[in-house]
Amino acid sequence: MAIITMIQAQKRAGRYNIYVDGHYAFPVSENVLIDFQLFKGMEIDQALEAKLTAADDVAKAYNRALDYLSQQLRTEKEVRTKLASLEIPPETIDATIDRLAELHLVDDAHYAASYVRTMMRTGDKGPRVIRQHLRQKGVLEQPLDDALQLYTAEERRTVGMAVAQKLAKRYQRQAFHTQEQKIRQGLITRGFASDEAQQWVTDLGLEPDPAQQQALLAKQGEKLWHKYRTLGTSDRRYKTKQALYRKGFGLDDIDGWLEQLDTQDA
């Protein structure tokens with residue numbers, strides 16, 4: 001039976017060299033040294049040495065994981081991916097994740113809840129986009145569902161209305177119908193439900209400014225009229241009218257502008 005003949009501290013804090021029968025054998029961390037109660041004169045066989053080496057591998061991986069987690073909260077999937085990128089064996093990663101989970105240093109339920117709260121306070125995203133993000137991070141459906149329970153209808157309305165108001169300013173120089181449509185689509189794209197988006201657009205209480213809308217129609221109409229200048233009069237009117245309608249202007253307003261155009265040309 002081999003004997004530990006010396007335990008020597010390395011220059012690097014928390015690391016020790018183990019000598020067996022007068023020869024250097026392997027290194028261990030301080031945690032492994034304590035957990036296995038290693039001491040000079042202790043008998044050691046190949047099976048124990050293998051356990052010590054495996055435990056030391058986990059200790060090193062654990063420290064690498066702590067460095068990664070010190071920057072911000074991470075999901076289990078993210079930690080696994082990081083450790084794998086360091087070429088750490090799968091079995092060592094599994095053991096490391098188990099240790100981190102026991103200490104609640106990796107907790108997907110906590111991560112999901114924290115992320116949802118952050119989005120409610122500082123973000124502009126709805127439940128659907130948040131769900132997609134958390135799925136990509138590897139969060140399972142149950143902790144994900146539990147976390148989204150925090151995003152109540154009242155909280156969604158608060159965030160959604162703030163987003164709707166910003167979008168209303170962004171699109172205020174669009175045709176009124178297009179403005180409402182883009183606000184609604186912007187809310188849906190950010191992950192809010194279509195029925196909630198429609199309600200919030202209604203709640204904005206937007207009203208078209210007739211003078212502004214007429215000016216926008218005239219400006220865009222003139223550009224289109226010039227664009228189709230090579231067409232015959234009938235086709236030119238049809239193409240211009242069609243394009244203005246797609247931009248959200250009403251047919252009656254478009255016809256009125258075209259009649260004014262005819263009067264000017266006459």
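Using UniProt numbering, you'd call the opening residue of the sequence shown number 1 and step up by one each time. Virtual Cβ for every residue (Gly too), placed ideally from N, Cα, C. Keep in mind it's a predicted model, so treat the numbers as computed, not measured.
Supposed contact pair residue j and residue i - C-beta distance, whole angstroms, cut 8 angstroms
i	j	result
residue 285	Gly250	The first residue shown for the chain is 1 and the last is 266, placing residue 285 beyond what the model contains.
Val32	Leu52	6 angstroms
Ala2	Asp35	Rounded, the Cβ-Cβ distance is 20 angstroms, inconsistent with contact.
Thr75	Lys125	Not quite, the Cβ-Cβ distance comes to about 17 angstroms (not below 8 angstroms), so this is no contact.
Leu86	Arg64	6 angstroms
Arg190	Val129	6 angstroms
Tyr228	Lys239	5 angstroms
Thr5	Tyr19	5 angstroms
Exposure of residue i, with buried meaning 16 or more beta-carbon neighbours within 10 Å
i	result
Phe192	buried
Phe39	exposed
Ala266	Residue confidence for Ala266 is low, a pLDDT of 48 falling below 50, so the modelled location carries little weight; the figure read from the coordinates is stated next. Looking at its Cβ environment, which holds fewer than 16 other Cβ atoms inside 10 Å, Ala266 is exposed.
Trp257	buried
Glu43	exposed
Asn56	Note on residue identity: the sequence assigns Asp, not Asn, to residue 56. So Asp56 ends up on the buried side.
Ala164	buried
Arg246	exposed
Ser29	buried
Ala9	exposed
Tyr16	buried
Glu91	exposed
Asp98	exposed
Thr230	exposed
Ala13	exposed
Leu103	exposed
Ala118	First, the amino acid is wrong: residue 118 is Thr here, not Ala. When all chains shown are included, Thr118 counts as exposed.
Candidates the options, of which the one nearest residue i by Cα
i	options	result
Gln132	Leu105, Leu148, Lys11 and Val163	Leu148
His110	Asp124, Val139 and Tyr19	Val139
Asp67	Ala55, Leu83, Thr152 and Thr240	Leu83
Leu261	Asn17, Gln71 and Lys219	Lys219
Gly160	Phe26, Asp94, Ala197 and Ile88	Ala197
Tyr151	Lys239, Gln213, Ser114 and Ser194	Ser114
Met120	Glu87, Thr158 and Asp235	Thr158
Gly41	Lys60, Ile7, Leu69 and Ala54	Ile7
Asp253	Asp195, Phe176, Arg236 and Lys60	Phe176
Glu154	Arg170, Pro127 and Gln142	Pro127
Gln212	Arg173, Lys182 and Gln185	Arg173
Gln214	Glu180, Ser194, Lys11 and Leu244	Leu244
Counterpart residues of residue i in DSSP-defined beta bridges
i	result
Asn63	In the DSSP output, where bridge partners are listed per residue, Asn63 has none listed.
Arg15	Ser29
Ile7	Ile18
Ile44	Ala2
Tyr24	Tyr19
Touching by the beta-carbon criterion (3+ pairs, under 8 angstroms), the stretch 195–210 and the stretch 223–235
Contact between the stretch 195–210 and the stretch 223–235 is absent, because fewer than three Cβ pairs lie under 8 angstroms.
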